[in-house]
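Report on the following structure.
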Amino acid sequence: MNVKLENPIIKIREKYEQFHKKERDIADYILKTSDEIIYQSVQETAQGCGVSKSSVVRFCKSIGYSGYSELKTEIAKAAFEIQYREEIYKNTSSDSFSEQLSQMFSAAAYIMEQLRTTMDYSLLIRVADIISESRLLLIYGMIYSGQTGFIFCERMKTLGIPSFLAWDHISMKQISILSSDNTSAIFISHSGASKDTLENARLAKSRNATVIAITSAPSSPLAKAADIVIPIPSMDSSLFRYYYPIENAFSMVLAALSLAVARKCHKKSSASTEKFETEIINDAFDPMLYQ
Numbered sequence: 001m002n003v004k005l006e007n008p009i010i011k012i013r014e015k016y017e018q019f020h021k022k023e024r025d026i027a028d029y030i031l032k033t034s035d036e037i038i039y040q041s042v043q044e045t046a047q048g049c050g051v052s053k054s055s056v057v058r059f060c061k062s063i064g065y066s067g068y069s070e071l072k073t074e075i076a077k078a079a080f081e082i083q084y085r086e087e088i089y090k091n092t093s094s095d096s097f098s099e100q101l102s103q104m105f106s107a108a109a110y111i112m113e114q115l116r117t118t119m120d121y122s123l124l125i126r127v128a129d130i131i132s133e134s135r136l137l138l139i140y141g142m143i144y145s146g147q148t149g150f151i152f153c154e155r156m157k158t159l160g161i162p163s164f165l166a167w168d169h170i171s172m173k174q175i176s177i178l179s180s181d182n183t184s185a186i187f188i189s190h191s192g193a194s195k196d197t198l199e200n201a202r203l204a205k206s207r208n209a210t211v212i213a214i215t216s217a218p219s220s221p222l223a224k225a226a227d228i229v230i231p232i233p234s235m236d237s238s239l240f241r242y243y244y245p246i247e248n249a250f251s252m253v254l255a256a257l258s259l260a261v262a263r264k265c266h267k268k269s270s271a272s273t274e275k276f277e278t279e280i281i282n283d284a285f286d287p288m289l290y291q
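Residue numbering for the sequence shown follows my numbering, starting at 1 and increasing by one per position.
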């Protein structure tokens with residue numbers, strides 16, 4: 001079995017009896033601080049374990065990971081998935097499957113209608129202008145938000161806009177150092193409070209990139225740090241209760257941006273007006289259920 005399909009914490013517990021003393025010291029530290037370790041450097045973890053950095057790296061490899069960074073990423077993903085399952089089960093366990101689907105579709109319809117009627121289309125056109133004129137586009141989203149950004153990133157590449165996607169703390173730092181003047185940095189975040197997301201937004205901004213936040217928390221630290229905020233409607237403060245409908249809303253906004261950027265990139269000098277561009281964006285938020 002591919003170790004990446006397993007929860008790293010479970011993997012460590014299963015192999016615990018096979019570890020020698022130094023490995024057990026590392027295992028004990030990881031098991032005790034799994035919710036904190038995802039924010040630590042290898043040096044900080046090594047100090048917490050009382051071992052060398054190389055010992056930590058060797059430990060990670062001994063349980064099937066390429067190194068410390070990959071272990072942290074898998075721990076973060078596993079924690080998210082566990083919390084997601086708990087929230088989903090808590091909110092739907094008493095309902096039949098048809099009732100669950102009805103609630104999900106109703107929530108999606110409501111959020112899409114809110115998105116369609118409250119979205120500032122001129123703001124999307126402004127962001128499209130910025131992206132189309134940028135020498136480089138950086139896209140950030142932790143774990144599933146990063147997956148939402150993947151298609152958008154590929155669409156931007158198709159339009160000839162150099163784009164990079166980061167979905168964990170390591171790749172975020174790697175692409176943030178590319179930011180400079182005439183760089184756009186889009187941060188996709190439900191809560192707008194992720195430590196890594198906020199740190200990289202501030203880093204990109206300090207390097208003169210234009211920071212754009214797409215978030216359902218318009219008063220969040222990320223929103224306050226951004227130059228431009230595209231708000232996503234939300235029905236609930238919980239990250240998971242309406243996760244699928246909110247995820248669809250993020251995808252629709254990115255699809256609308258794709259259309260607007262495509263229009264900018266292929267725009268003929270004499271062709272169109274802002275009204276026509278607004279109609280294109282409006283169409284993106286007009287699915288069949290509104291016809």
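Positions of the beta carbon are idealized from the N, C-alpha and C atoms, including for glycine.
Distance between residue j and residue i (C-alpha atoms, nearest Å)
{"i": "Y29", "j": "H190", "result": "30 Å"}
{"i": "V56", "j": "A204", "result": "30 Å"}
{"i": "P218", "j": "M112", "result": "18 Å"}
{"i": "A223", "j": "A256", "result": "20 Å"}
{"i": "A78", "j": "K53", "result": "24 Å"}
{"i": "M252", "j": "E6", "result": "32 Å"}
{"i": "I280", "j": "L254", "result": "Note that I280 scores 46 on pLDDT, short of 50, meaning its location in the model is unreliable and no value can be drawn from it."}
{"i": "M172", "j": "E74", "result": "16 Å"}
{"i": "I63", "j": "L137", "result": "36 Å"}
{"i": "S34", "j": "S122", "result": "44 Å"}
{"i": "I26", "j": "G67", "result": "14 Å"}
{"i": "H20", "j": "I143", "result": "33 Å"}
{"i": "K15", "j": "F59", "result": "11 Å"}
{"i": "S216", "j": "K22", "result": "44 Å"}
{"i": "Y110", "j": "P231", "result": "15 Å"}
{"i": "K264", "j": "S258", "result": "10 Å"}
{"i": "L101", "j": "G50", "result": "50 Å"}
{"i": "L198", "j": "S41", "result": "17 Å"}
{"i": "E36", "j": "E17", "result": "24 Å"}
{"i": "S270", "j": "I38", "result": "With a pLDDT of 37 at S270, under the threshold of 50, the modelled position of this residue cannot be trusted; read the value that follows with caution. The alpha-carbon atoms of S270 and I38 are separated by roughly 52 Å."}
{"i": "P8", "j": "I151", "result": "28 Å"}
{"i": "S106", "j": "S220", "result": "27 Å"}
Beta-bridge partners of residue i, as assigned by DSSP
{"i": "P231", "result": "T215"}
{"i": "A204", "result": "Per DSSP, none; premise fails for A204."}
{"i": "L137", "result": "S163, S184"}
Backbone secondary structure at residue i - three-state DSSP
{"i": "A209", "result": "coil"}
{"i": "S184", "result": "strand"}
{"i": "F59", "result": "helix"}
{"i": "N2", "result": "Because N2 sits at a pLDDT of 40, beneath the cut-off of 50, its placement in the model cannot be relied upon, and the following sentence gives the value as read from the coordinates. N2 falls in the coil class under three-state DSSP."}
{"i": "S220", "result": "coil"}
{"i": "A166", "result": "strand"}
{"i": "S122", "result": "helix"}
{"i": "S98", "result": "helix"}
{"i": "S189", "result": "strand"}
{"i": "M142", "result": "coil"}
{"i": "Y110", "result": "helix"}
{"i": "N7", "result": "coil"}
{"i": "Y244", "result": "helix"}
{"i": "Y68", "result": "helix"}
{"i": "L178", "result": "coil"}
{"i": "A78", "result": "helix"}
Chain D contact for residue i (CB, 7 Å cutoff)
{"i": "D35", "result": "Among the chains of the structure shown, chain D does not appear; only one protein chain is present."}
Beta-carbon contacts of residue i that lie in its chain and below 8 Å, excluding the five residues immediately before and after
{"i": "S145", "result": "W167, I188, S189, H190, F250"}
{"i": "N208", "result": "S179, S180, D181, T183"}
{"i": "E247", "result": "Y144, T148"}
{"i": "R126", "result": "I228"}
{"i": "K157", "result": "S163"}
Proximal residues to residue i (C-beta, below 7 Å), its chain only, five neighbours per side dropped
{"i": "I12", "result": "A27, I30, L31, I63"}
Cut-off 6 Å between Cβ atoms - residues of its own chain near residue i, not counting five sequence neighbours on either side
{"i": "Q114", "result": "P233"}
{"i": "V211", "result": "A185, A201, A204, K205, A226, D227"}
{"i": "G48", "result": "Y29"}
### Task
At 4 residues or longer, and completely inside the region 13 to 63: list those alpha helix (DSSP H) runs for me, N to C.
21 to 32, 34 to 37, 42 to 49, 53 to 62
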